[in-house]
Structures are given as C-alpha cells and as structure tokens.
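Enquirer: Numbering (my numbering), first residue to last: 3 to 195. Pasting a structure here, questions to come.
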Amino acid sequence: MNGHRIILASQSPRRKQLLEWAEVPFEVMVQSTDESYPPEMPVPEVPVHIAREKAIAIRQKFESLHDANNIIIAADTVVVLGNTIIGKPKDREDALDILSRLSGNKHQVITGVVLLKGRQEIAFADITDVWFHPLTKEQIAFYVDKYQPYDKAGAYAIQEWIGVVGIKCISGDFYNVMGLPVSRVVTELKKME
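Shown next, in the form of structure tokens:
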C-alpha cells in the first residue's frame with residue numbers, strides 16, 4: 003500500500019487469511035486489551051469500541067507506530083440475537099445452548115473496524131444478517147464436538163461444516179461473518195494513502 007507499514011492488531015487466523023487473500027502486505031502485532039464496554043452503549047457501537055481499544059493498545063505499546071507511514075487495523079466481531087450480544091462460548095454446554103438459540107432464527111454479525119494512521123482514524127461497523135435452518139440436537143453436538151468453536155463469537159464459523167449445512171441464507175458481506183469485511187477495509191485503506 004504505497005510504502006505504508008500495515009499492522010493487523012489481531013491474532014485471528016481468519017482475519018489474517020482474508021488480508022492475505024486480498025494481497026494486502028501486513029504484519030501481526032497483538033496486545034491484550036479489556037474487551038468490556040459501557041452497558042448503555044448501543045449494540046452496533048460495541049465492536050467499534052472494542053476495535054478502537056485494540057488499535058490504541060498497539061499504538062501505545064510500540065512508539066514507532068506513531069509514525070504517519072504506519073496504519074493499524076483492528077477489528078472485533080459480535081453476534082447479536084434480538085438485541086443481545088452473544089460472545090464466545092465458555093464451554094461445551096454454552097456452545098450447545100448458543101447454537102440451539104441460533105437454530106431456525108435470524109441473527110446479525112457485526113464487525114467493528116478501526117484504522118489508525120497518525121492522528122487519522124477511520125471507524126465503521128459492517129452488519130450481515132444470517133439465517134440458520136433449524137438444526138437438530140445431533141447436528142449441533144456433532145459440530146461442537148468436532149470443530150470446538152470456543153474461540154468464535156456465536157459459537158460457529160461460517161466457513162466450517164455448520165455454515166455449509168446449517169445456514170439458509172445471508173444478507174450482507176460473507177467475509178464480515180468470517181471476521182473482517184475485507185473489501186471495505188481495502189477501500190478504506192486506499193483513502194489513507
């Protein structure tokens with residue numbers, strides 16, 4: 003991206019893969035951050051808030067990143083059923099419960115993205131609607147036991163078995179459900195050149 007050093011502030015293998023597919027040169031830097039948010043914060047603002055905290059933590063940790071030639075990309079994805087944010091499952095029972103609630107229903111996947119370059123910030127949230135077919139208890143248990151989706155918001159990954167057999171349709175960016183609306187990220191990166 004024209005001499006810019008791009009830093010992905012995420013350990014997510016899916017976000018890394020998506021940027022690689024888009025042929026964006028980048029390096030990964032991570033810093034643990036507090037992922038809490040004010041309880042009164044509107045749901046679509048939550049992943050942007052968390053992404054901003056991740057980006058700021060990286061910039062604070064590495065003084066060299068204050069340089070205007072560096073762009074930090076941070077993202078956070080939440081799954082929302084009704085008006086309730088569903089995080090990563092705590093254990094097997096929680097994963098089974100989450101997928102049982104998503105079964106046969108529509109939910110939203112919201113990814114908040116923050117790009118930082120010097121004092122410039124671009125922040126946005128991308129929303130994809132996802133409808134699951136009704137799933138049997140056996141299907142849900144098979145998926146949880148085989149794929150162990152404990153590091154995934156909503157207890158599933160769209161690119162795995164459950165996405166192939168369980169998702170009826172989506173409205174919005176498929177890659178947003180994987181964790182990064184990569185085409186929009188590339189578009190916003192060009193604005194920062």
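Cβ atoms here follow ideal geometry from the backbone N, Cα and C, with glycine treated the same way.
Report the rounded CA-to-CA distance for residue 164 versus residue 135, giving the unit in angstroms.
Expert: 10 Å
Enquirer: Judging by CA-CA distance, which residue of 158, 62, 22, 121 is the nearest neighbour of residue 144?
Expert: Ranking 158, 62, 22, 121 by Cα distance to residue 144 puts 158 first.
Enquirer: For residue 34, which of 57, 43, 45, 50 has the nearest alpha-carbon?
Expert: 57
Enquirer: For residue 106, which residues of its own chain have a beta-carbon under 8 Å away from its beta-carbon, when the five flanking residues on both sides are left out?
Expert: So the qualifying residues of the chain are 134, 135, 136, 137.
Enquirer: Reducing DSSP to helix, strand and coil, say where residue 200 ends up.
Expert: Because the chain is modelled from 3 through 195, residue 200 falls outside the range shown and cannot be assessed.
Enquirer: I need the boundaries of the alpha helix (DSSP H) containing residue 25, first residue and last residue.
Expert: Counting along the chain, residue 25 falls outside any alpha helix (DSSP H), and DSSP gives it neither H nor E.
Enquirer: Compare the C-alpha of residue 174 against each of 185, 12, 20 and name the closest.
Expert: 185
Enquirer: Using 8 Å as the Cβ pair cut-off and three pairs as the minimum, do the stretch 74 to 87 and the stretch 100 to 117 touch?
Expert: yes
Enquirer: How many whole angstroms separate the CB atoms of residue 153 and residue 90, which I take to be in contact at a CB cut-off of 8 Å?
Expert: 6 Å
Enquirer: Tell me the rounded alpha-carbon separation between residue 79 and residue 60.
Expert: 18 Å
Enquirer: When burial is assigned at 16 or more other CB atoms within 10 Å of the CB, is residue 93 buried or exposed?
Expert: exposed
Enquirer: So, under 8 Å CB-CB, residue 132 and residue 108 are touching, yes? Tell me the CB distance rounded to an integer number of Å.
Expert: 7 Å
Enquirer: Can you list, in chain order, the residues of its chain whose CB lies under 8 Å from that of residue 43, leaving out five sequence neighbours each side?
Expert: Result list for residue 43: 51, in chain order.
Enquirer: If you run the structure through DSSP and keep just helix, strand and coil, what is residue 109?
Expert: strand
Enquirer: Where residue 187 and residue 8 are concerned, what is the direct C-alpha to C-alpha distance, given to the nearest angstrom?
Expert: 12 Å
Enquirer: Do residue 20 and residue 180 have their beta-carbon atoms positioned less than 8 Å apart in this structure?
Expert: yes
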